[in-house]
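Residue numbers (full-length UniProt numbering): 1 to 911.
Each residue gets a CB set at the ideal place from its N, CA and C atoms; glycine is no exception.
Okay, so here's the structure we're looking at.
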């Protein structure tokens with residue numbers, strides 16, 4: 001156990017081993033400025049980073065509005081119709097584009113321009129191997145765009161990059177017309193900052209645009225977390241196949257416009273293996289940072305940033321030419337491909353290193369250099385010196401630049417002529433006073449851990465200690481490019497090695513890969529490792545994956561995406577795996593059994609007593625065991641998955657190991673494996689992750705080699721400060737708290753599953769279906785009424801219909817547990833009043849919840865209960881501590897029937 005002060009000294013020592021050179025590597029990652037008011041009031045503010053995914057819109061209007069701003073920004077800049085509320089990174093967004101194209105037209109051939117970023121190509125190739133019917137894979141063809149053969153109309157889609165990985169800007173109009181004639185979709189990787197100056201993809205016919213929003217005010221963080229973006233043209237109901245979350249506009253029961261998550265029936269918890277993706281964690285906090293960056297700067301500010309970047313690139317290009325080198329393209333935005341005079345790429349790299357500058361070496365003759373908003377006059381002078389130019393940036397800026405090659409895109413046909421970001425929110429908050437007040441106004445609309453416990457089962461909304469989060473914004477951690485030479489990231493690599501050691505000790509595994517940057521991504525990676533293992537043994541036919549109905553909700557979607565055939569296994573009366581049904585399915589599929597995906601303790605909130613027998617049965621029949629680590633909060637220090645038979649497991653660092661949820665992300669989902677699976681861990685085409693083997697690797701699953709290392713200091717700090725005893729104690733208290741609450745509530749609500757000894761694990765399920773029959777009250781009514789008591793609802797109607805799943809975590813004190821229990825007990829009394837006729841069956845506090853200030857202040861109160869009953873339903877709630885939902889109950893049906901996902905903000909923001 002390490003004290004906070006000593007922990008920070010240790011981390012400062014590690015940070016000092018990172019060498020923050022000036023990086024002009026590009027490849028989708030850029031230095032940027034994080035505006036201090038956004039850094040302080042959003043990224044470092046628990047009112048933003050401790051929020052939950054906005055499934056309860058009445059108490060989530062702030063982050064929903066901000067995410068709608070993100071969607072609007074993406075739609076405007078790409079020239080497309082609908083955008084989602086962020087993905088994990090650019091490369092995974094590219095892979096999702098391939099999946100979307102395949103779902104749209106079911107053709108197995110797909111073309112990828114070889115001038116995409118290498119990490120995007122690698123991830124598309126990995127994902128493509130298991131897409132298609134029965135996981136057979138797609139035919140991914142990586143070649144020059146001139147070689148795309150569309151004549152047979154057998155192509156699902158094509159992917160291009162604009163500007164491409166070498167910075168080149170070309171007109172794709174003719175290519176998109178050919179693709180559309182062949183009934184193929186066109187996906188375009190692009191750069192949001194460049195699109196403030198460049199003709200957007202939607203205007204030359206692209207159907208999909210995707211990329212990374214990192215350079216909109218999000219630190220490099222050695223590769224993440226950053227929010228990927230994804231936008232589509234509204235054709236053929238394509239939006240209903242869109243991966244990820246989608247923010248839409250609807251109305252509440254008073255007719256007021258409001259926001260919500262739209263089309264949730266697409267998502268994995270509902271559609272399981274038929275879902276549009278397995279996405280659970282998106283980069284919501286990082287999308288909010290990017291959205292606020294665009295709100296703060298507005299269209300003119302963004303254009304000014306882009307112009308400065310482009311002008312710096314023009315000056316550099318001119319100097320490079322004057323030094324005798326050759327610029328390898330006619331038009332560019334921020335990236336130059338330089339053919340070095342006399343083939344001296346190594347010499348240029350050596351000179352750059354002498355100035356502590358990172359460039360991108362392309363081959364023996366060529367280097368790449370990418371500009372960003374942080375570049376100063378001195379930076380330009382140093383770069384000019386590296387390339388042997390005798391002129392200064394100032395003299396070049398004041399001279400007449402050559403017209404070609406490298407003339408300004410503002411003088412070319414590529415110039416953007418359409419307007420963007422005309423909505424009021426992007427044209428109002430440009431002073432620090434305004435943006436500060438706007439962010440506070442949004443924050444005040446949302447319930448987070450700063451207000452009360454968030455008792456969501458399976459989501460582990462635990463404390464994210466300030467001392468753990470403090471180091472992530474230190475420059476030595478924040479400003480490292482993911483593809484910088486590894487000797488510049490010694491501090492990061494030492495931290496990663498040490499964290500791997502600790503997590504292996506905690507879990508009983510032999511190695512950890514940190515590349516998966518979400519829990520569902522970890523599931524997918526773990527299953528691919530299992531698949532690669534079977535393939536290496538000549539058993540590629542092992543494609544059946546057993547999934548007990550007590551497993552975590554993303555499991556079926558991940559198994560389907562990894563190319564497995566899903567077979568569900570029933571559960572018993574105590575919520576445990578039905579061993580008879582399991583044996584029956586194992587016997588039926590033993591020759592083709594690939595894996596089982598099991599959650600322990602299960603999502604039903606119980607420890608399966610026969611867990612060792614289950615896992616032994618799978619191994620005896622040739623299968624591998626994937627253990628979902630979503631519920632590690634009940635295991636740490638008590639049992640180790642690697643000891644009781646698991647072959648691979650992901651760990652939700654954003655749950656058990658204290659990384660904040662951030663309103664729906666960031667997440668980290670590393671996988672731990674036993675020794676026989678180590679050769680198959682994820683690799684990377686640019687930076688070789690420690691301990692991996694490119695020859696046998698499952699492939700690439702995230703854009704950066706270590707996923708989102710920028711937030712790994714949080715889990716590192718959590719483990720070090722807790723120590724072995726503290727971690728064990730935390731697990732015990734988490735289980736104790738859940739059982740205490742279950743005991744308090746069992747006389748008021750039926751508990752759906754308990755172990756044979758009458759206890760639950762770290763979460764439990766309240767079965768409320770009986771109230772539909774006795775009082776016409778459903779789980780959603782209880783959930784909304786809890787808002788009047790100042791609480792977020794437990795997980796609603798999952799994994800069991802008509803239920804509430806409660807997880808208190810170890811972080812709440814007894815007073816808070818009691819306050820929540822008393823609130824549920826009082827709600828049960830309100831249900832009893834309906835059952836016994838003391839309260840109206842249709843016009844009551846539960847059916848009308850939540851009650852807003854607008855409802856309270858209505859001139860005429862016509863409810864059969866008092867205003868005080870409505871908004872101050874318990875003695876511990878008064879005017880000094882009341883949390884007010886800002887909208888009444890939303891109309892989900894209206895929102896799906898009238899889909900609006902990019903629109904002006906609802907309120908007027910004029911001061």
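- The region 515-535 makes contact with the region 666-684; the number of CB pairs closer than 8 Å reaches 3 or more.
- DSSP assignment within the region 271-324 yields the following whole alpha helix (DSSP H) runs of 4 residues or more, N-terminal first: 284-322.
- Runs of the beta strand (DSSP E) lying entirely within the region 391-463, each at least 3 residues long, are absent.
- With respect to the C-alpha of residue 364, the residue from 770, 383 and 340 having the closest C-alpha is 340.
- Here residue 87 is bridged, per DSSP, to 228.
- The C-beta distance from residue 78 to residue 196 rounds to 11 Å, too long to meet the 8 Å contact threshold.
- Excluding sequence positions up to five before and after residue 613, its CB lies within less than 8 Å of the CB of 579, all in the same chain and listed in chain order.
- When C-alpha distances from residue 207 are compared across 594, 91, 411 and 238, the shortest belongs to 238.
- Of the candidates 352, 355, 756 and 274, 756 places its Cα closest to the Cα of residue 575.
- In summary, residue 164 is buried, with 16 or more beta-carbon neighbours lying within 10 Å of its beta-carbon over all protein chains present.
- Judged by DSSP in its simplified three-state form, residue 765 adopts strand.
- Residue 536 is classed as exposed because its beta carbon has fewer than 16 other beta carbons within 10 Å across all chains shown.
- Relative to residue 258, the option among 745, 541, 64 and 865 whose CA is nearest is 64.
- Around residue 256, the same chain offers 887 as residues with beta carbons nearer than 7 Å, after the five sequence neighbours per side are excluded.
- Between residue 652 and residue 225, the gap from beta carbon to beta carbon reaches 8 Å or more.
- About 32 Å separates the Cβ atoms of residue 573 and residue 811, ruling out a contact at the 8 Å cut-off.
- Residue 155: member of the beta strand (DSSP E) spanning 155-162, first to last residue.
- Shown here for residue 649: same chain residues with a beta carbon closer than 6 Å to its own, the five before and five after excluded, namely 627, 629, 641 and 672 in chain order.
- Taking residue 688 as reference, the option from 467, 289 and 493 with the minimal CA-CA separation is 493.
- For residue 93 and residue 631, the gap between their C-alpha atoms comes out near 28 Å.
- Taking a contact to require three or more Cβ pairs closer than 8 Å, the region 539-552 and the region 720-740 do not qualify as touching.
- Per the Cβ contact rule, the region 781-790 is in contact with the region 812-828 (3 or more Cβ pairs under 8 Å).
- Rounded to the nearest angstrom, the gap between the Cα atoms of residue 289 and residue 371 is 21 Å.
- DSSP, read as helix, strand or coil, puts residue 366 in strand.
- Annotation: residue 777 to residue 753 spans about 21 Å, alpha carbon to alpha carbon.
- Of the residues 151, 214, 99 and 129, the one whose Cα lies closest to the Cα of residue 159 is 99.
- Distance check between residue 322 and each of 284, 384, 214 and 295 places 384 closest, using alpha-carbon atoms only.
- Contact annotation: residue 205 and residue 180 have beta-carbon atoms nearer than 8 Å.
- Taking C-beta atoms under 8 Å as the contact rule, residue 564 and residue 594 qualify, at a distance of about 6 Å.
- Here the alpha carbons of residue 698 and residue 120 stand approximately 15 Å from one another.
- As DSSP reads the structure, residue 531 sits in no beta bridge.
- A distance below 7 Å between beta-carbons, with the five flanking residues on each side excluded, links residue 298 to the following residues of its chain, in chain order: 421, 426, 427 and 430.
- Rounded to whole angstroms, residue 311 and residue 416 show a C-alpha spacing of 16 Å.
- Here residue 605 is near residue 764, since their CB atoms are less than 8 Å apart.
- In this structure, the straight-line span from the alpha carbon of residue 680 to that of residue 624 is close to 14 Å.
- Note on residue 691: under 16 other CB atoms within 10 angstroms of its CB, so exposed under the neighbour-count rule.
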